[in-house]
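Let me begin by presenting the structure, written as structure tokens, before commenting on it.
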Amino acid sequence: MARDVIYLDNNATTAVAPEVFEAMVPYLTEVYFNPSSMYDAARAAADAVARARRAVADFLGIGSTEQVLWTSCATESNNTAILGVARANPSRRHIVTTAVEHPAVLEVCKDLQRSGYEVTFLPVNSDGMLDVRDFIRALRKDTLLVTVMHANNETGVIFPVDELARLTKETDPAILFHTDATQSAGKLPLNLKGSLRHVDLLSFSGHKLHAPKGVGVLFVRRGTPMKPLLIGGHQQGGRRAGTENVPYIVGMARACTLAAERRSDEERVRALRDRLENGLMERIPSLEVNGRNAPRLPNTTNVAVHYIEGEGMLFQLSAEGICASSGSACTSGSLEPSHVLKAMNVPFTAVHGSVRFSLSRYNTGDDVDRVLEVFPRIVANLRRLSPYWDSERNRPTGRA
Ligand code: PLP
Numbered sequence: 008m009a010r011d012v013i014y015l016d017n018n019a020t021t022a023v024a025p026e027v028f029e030a031m032v033p034y035l036t037e038v039y040f041n042p043s044s045m046y047d048a049a050r051a052a053a054d055a056v057a058r059a060r061r062a063v064a065d066f067l068g069i070g071s072t073e074q075v076l077w078t079s080c081a082t083e084s085n086n087t088a089i090l091g092v093a094r095a096n097p098s099r100r101h102i103v104t105t106a107v108e109h110p111a112v113l114e115v116c117k118d119l120q121r122s123g124y125e126v127t128f129l130p131v132n133s134d135g136m137l138d139v140r141d142f143i144r145a146l147r148k149d150t151l152l153v154t155v156m157h158a159n160n161e162t163g164v165i166f167p168v169d170e171l172a173r174l175t176k177e178t179d180p181a182i183l184f185h186t187d188a189t190q191s192a193g194k195l196p197l198n199l200k201g202s203l204r205h206v207d208l209l210s211f212s213g214h215k216l217h218a219p220k221g222v223g224v225l226f227v228r229r230g231t232p233m234k235p236l237l238i239g240g241h242q243q244g245g246r247r248a249g250t251e252n253v254p255y256i257v258g259m260a261r262a263c264t265l266a267a268e269r270r271s272d273e274e275r276v277r278a279l280r281d282r283l284e285n286g287l288m289e290r291i292p293s294l295e296v297n298g299r300n301a302p303r304l305p306n307t308t309n310v311a312v313h314y315i316e317g318e319g320m321l322f323q324l325s326a327e328g329i330c331a332s333s334g335s336a337c338t339s340g341s342l343e344p345s346h347v348l349k350a351m352n353v354p355f356t357a358v359h360g361s362v363r364f365s366l367s368r369y370n371t372g373d374d375v376d377r378v379l380e381v382f383p384r385i386v387a388n389l390r391r392l393s394p395y396w397d398s399e400r401n402r403p404t405g406r407a
């Protein structure tokens with residue numbers, strides 16, 4: 008693994024695991040055949056795809072492999088789930104989602120809204136949590152689909168999708184339940200026969216769990232009415248046209264197996280994350296952890312640093328070789344605060360000043376120590392230049 012930077016942006020993407028790369032190489036070199044070709048040589052490619060499907064089905068705790076659909080990324084999986092279900096069930100035109108979904112869900116729902124669907128965007132509290140009573144109240148006779156993410160990419164806050172899916176089916180078994188598990192796959196156990204047995208559709212992406220970019224999965228429970236998004240050849244039973252990306256599919260399967268084998272790494276990662284988080288809270292005044300009181304992914308901490316801009320902190324972290332990311336996104340030249348932090352009512356003194364550190368099994372205690380050494384100094388320097396900090400520093404902190 009390259010160690011020239013301290014990489015703490017694993018919710019954005021991850022390094023390809025050496026074991027994953029190794030598993031892919033034969034399918035990038037000798038076994039380059041189209042898995043749908045009829046000659047004997049191509050059978051090795053078709054067999055590799057079948058084995059990968061089995062491995063991913065095992066990772067998801069399901070028996071039958073035909074419920075696993077290969078896609079190119081989580082964005083495609085989410086689009087296929089939402090639009091595919093909408094096209095197959097035109098009589099129901101209401102969707103329930105949350106205000107804090109990734110744009111790969113949020114923007115699809117908004118697009119459906121523009122074409123006449125009604126969408127309920129559930130709010131969250133200041134810890135980024137949903138109110139289950141709001142959720143139950145949102146379900147209607149004409150609800151087609153619930154799409155609620157498993158874990159939030161910015162804060163790591165985990166939604167109780169097992170409970171929400173159960174409540175959905177108790178209310179009306181015809182309502183379909185989709186979850187975007189892009190951030191939880193590989194970080195939390197996913198058991199679609201156990202606690203997640205009421206989930207109909209589940210999306211995730213290879214590049215968040217040490218497989219390469221360019222491969223995703225959509226789990227579609229048997230019997231779920233869904234039309235394909237990509238239309239063309241007969242691959243994957245006509246449910247997703249396009250030649251299967253054999254090496255990447257093999258890589259995805261290896262990454263899933265590896266994540267399951269290395270489940271114990273989660274506790275080590277959690278300990279590193281906690282050390283980082285507690286260390287930052289001790290060393291930096293007016294710093295809060297967004298979503299701290301909610302259940303969270305073991306690898307993520309999103310810190311609200313009052314009175315300074317996230318971009319300045321990231322720039323200076325980058326100069327020290329530390330990769331992290333900010334809660335805010337730059338939209339058409341103006342700095343828009345993150346929709347997730349806005350939904351959580353993070354006060355204006357911190358909504359632009361949030362930094363997300365997201366760890367992986369490849370991080371070490373030295374990485375954490377380095378951030379604890381560098382980051383408080385960066386914050387202190389930026390605050391020295393901040394007029395807000397100057398006038399406000401003697402004020403008590405806390406949410407406005
Ligand atoms: N959903 C979530 C929760 C994500 O975090 C991401 C990526 O950041 C996506 C969807 C989109 O994933 P992809 O880049 O594979 O399309």
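For what it's worth, my numbering labels the leading residue of the sequence shown as 8, then goes sequentially. Just so you know, even glycine gets a beta-carbon here, dropped at the ideal spot from N, CA and C.
The stretch 135-153 contacting the stretch 232-246, beta-carbon criterion three pairs below 8 Å: no
Beta-carbon proximity of Leu283 to Thr308, cut-off 8 Å: Sequence index remark: in the sequence shown, residue 283 carries index 276 (1-based). Sequence index remark: in the sequence shown, residue 308 carries index 301 (1-based). Their beta carbons are under 8 Å apart, which means Leu283 touches Thr308 by this criterion.
For Val362 and Val126, the rounded distance between their alpha carbons: For the purposes of this step, residue 126 is taken as residue 119 along the sequence shown, with counting starting at 1. For the purposes of this step, residue 362 is taken as residue 355 along the sequence shown, with counting starting at 1. Rounded to whole angstroms, Val126 to Val362 spans 30 Å at the Cα level.
First and last residue of the uninterrupted beta strand (DSSP E) at Thr21: The residue labelled residue 21 in the question sits at position 14 within the sequence shown. Where Thr21 is concerned, there is no enclosing beta strand (DSSP E), given that its DSSP letter is neither H nor E.
DSSP three-state assignment for Cys337, whether helix, strand or coil: Within the sequence shown, numbered from 1, the residue matching residue 337 stands at position 330. Per-residue confidence for Cys337 stands at a pLDDT of 47, beneath the threshold of 50, marking its modelled position as unreliable; the derived number appears in the next sentence. If DSSP states are grouped into helix, strand and coil, Cys337 belongs with the strands.
Nearest-angstrom beta carbon gap, Ala311 and Val353 [assumed within contact, 8 Å]: Numbered from 1 along the sequence shown, position 346 holds the residue referred to as residue 353. Numbered from 1 along the sequence shown, position 304 holds the residue referred to as residue 311. 6 Å between Cβ atoms; contact.
Glu108 in three-state terms, based on DSSP: The residue you call residue 108 lines up with position 101 of the sequence shown. Glu108: coil per DSSP, three-state reduction.
Whole-angstrom distance between Val75 and Val27, CA atom to CA atom: Position 20 of the sequence shown holds residue 27. Position 68 of the sequence shown holds residue 75. Whole-angstrom Cα-Cα distance: 19 Å.
Cys330: CB within 7 Å of a non-hydrogen atom of the ligand PLP: The count along the sequence shown starts at 1 and reaches residue 330 at position 323. Flag unset: Cβ of Cys330 not near the ligand PLP.
Gly223 classed as buried or exposed, judged by whether at least 16 other C-beta atoms fall within 10 angstroms: The residue labelled residue 223 in the question sits at position 216 within the sequence shown. That one is buried.
Span of the beta strand (DSSP E), counted from its first residue to its last, around Val362: Numbered from its first residue, the sequence shown carries residue 362 at position 355. 361-365 is the span of the beta strand (DSSP E), which, as asked, contains Val362.
Distance between Ser84 and Val23 (C-alpha atoms, nearest Å): Taking the sequence shown and counting its residues from 1, one reaches residue 23 at position 16. Taking the sequence shown and counting its residues from 1, one reaches residue 84 at position 77. Their backbone Cα atoms lie some 21 Å apart in a straight line.
Nearest candidate by alpha-carbon position, reference Glu380, set Glu289, Ala30, Ile256: Along the sequence shown, read from residue 1 onward, the residue named residue 380 stands at position 373. Nearest C-alpha to Glu380: Glu289.
Which residues DSSP lists as bridging Phe226, in chain order: Position 219 of the sequence shown, counting from 1, holds the residue named residue 226. In DSSP, Phe226 forms a bridge with Val75, Leu209.
C-alpha gap between Val103 and Gly360, whole angstroms: Residue 103 sits at position 96 when you count from the first residue of the sequence shown. Residue 360 sits at position 353 when you count from the first residue of the sequence shown. Distance between the alpha carbons of Val103 and Gly360: 30 Å.
Distance between beta carbons of Asn297 and Leu348, contact taken as under 8 Å: The count along the sequence shown starts at 1 and reaches residue 348 at position 341. The count along the sequence shown starts at 1 and reaches residue 297 at position 290. Confirmed, about 6 Å.
CA-to-CA distance, Glu343 to Glu415, given in whole angstroms: This structure gives no information on residue 415, because the portion of the chain shown stretches from 8 to 407.
Residue interval of the alpha helix (DSSP H) (run including His346): Within the sequence shown, the letter at position 339 stands for residue 346. His346 -> alpha helix (DSSP H) spans 346-350.
Assumed close pair Thr21, Lys215 - CB separation to whole angstroms, cut-off 8 Å: To locate residue 21, count along the sequence shown from 1; it is residue 14. To locate residue 215, count along the sequence shown from 1; it is residue 208. The pair is a contact, with the Cβ atoms about 6 Å apart (cut-off 8 Å).
Run of the beta strand (DSSP E) containing Glu125, from where it starts to where it stops: Here residue 125 refers to the residue found at position 118 of the sequence shown. Unbroken beta strand (DSSP E) run through Glu125: 125-129.
Any non-hydrogen atom of the ligand ADP closer than 7 Å to Met351 Cβ: Absent from the structure shown: the ligand ADP. Ligands present: the ligand PLP.
Asn132 Cβ short of 7 Å to the ligand PLP heavy atom set: Residue numbering aside, residue 132 sits at position 125 when the sequence shown is read from its first letter. Not so, every heavy atom of the ligand PLP lies at least 7 Å from the Cβ.
C-beta contact flag for Thr186 and Val168 at 8 Å: Taking the sequence shown and counting its residues from 1, the one referred to as residue 186 is at position 179. Taking the sequence shown and counting its residues from 1, the one referred to as residue 168 is at position 161. Closer than 8 Å, so yes.
Candidates His346, Leu209, Tyr34, Arg390, of which the one nearest Leu129 by Cα: Within the sequence shown, the letter at position 122 stands for residue 129. The shortest Cα separation from Leu129 among His346, Leu209, Tyr34, Arg390 belongs to His346.
Asn85 (DSSP reduced to helix, strand or coil): Stepping through the sequence shown from its first residue, residue 85 is reached at position 78. Asn85: helix per DSSP, three-state reduction.
Delimiting residues of the alpha helix (DSSP H) encompassing Asn7: Only positions 8 to 407 of the chain appear in this structure, which leaves residue 7 out of reach.
As assigned by DSSP and simplified to three states, the class of Asn309: Taking the first residue of the sequence shown as position 1, residue 309 is located at position 302. Note: Asn309 maps to strand in three-state DSSP.
Residue environment, Phe184, which counts as buried when at least 16 other CB atoms sit within 10 Å: Counted from its first residue, the sequence shown places residue 184 at position 177. Looking at its Cβ environment, which holds 16 or more other Cβ atoms inside 10 Å, Phe184 is buried.
Assumed close pair Cys80, Gly221 - CB separation to whole angstroms, cut-off 8 Å: Translated into positions along the sequence shown, residue 80 becomes position 73. Translated into positions along the sequence shown, residue 221 becomes position 214. Their Cβ separation, rounded to whole angstroms, is 7 Å, which keeps Cys80 and Gly221 in contact under 8 Å.
Beta strand (DSSP E) segment containing Glu295, residue limits: Position 288 of the sequence shown holds residue 295. Here the beta strand (DSSP E) through Glu295 covers 294-296.
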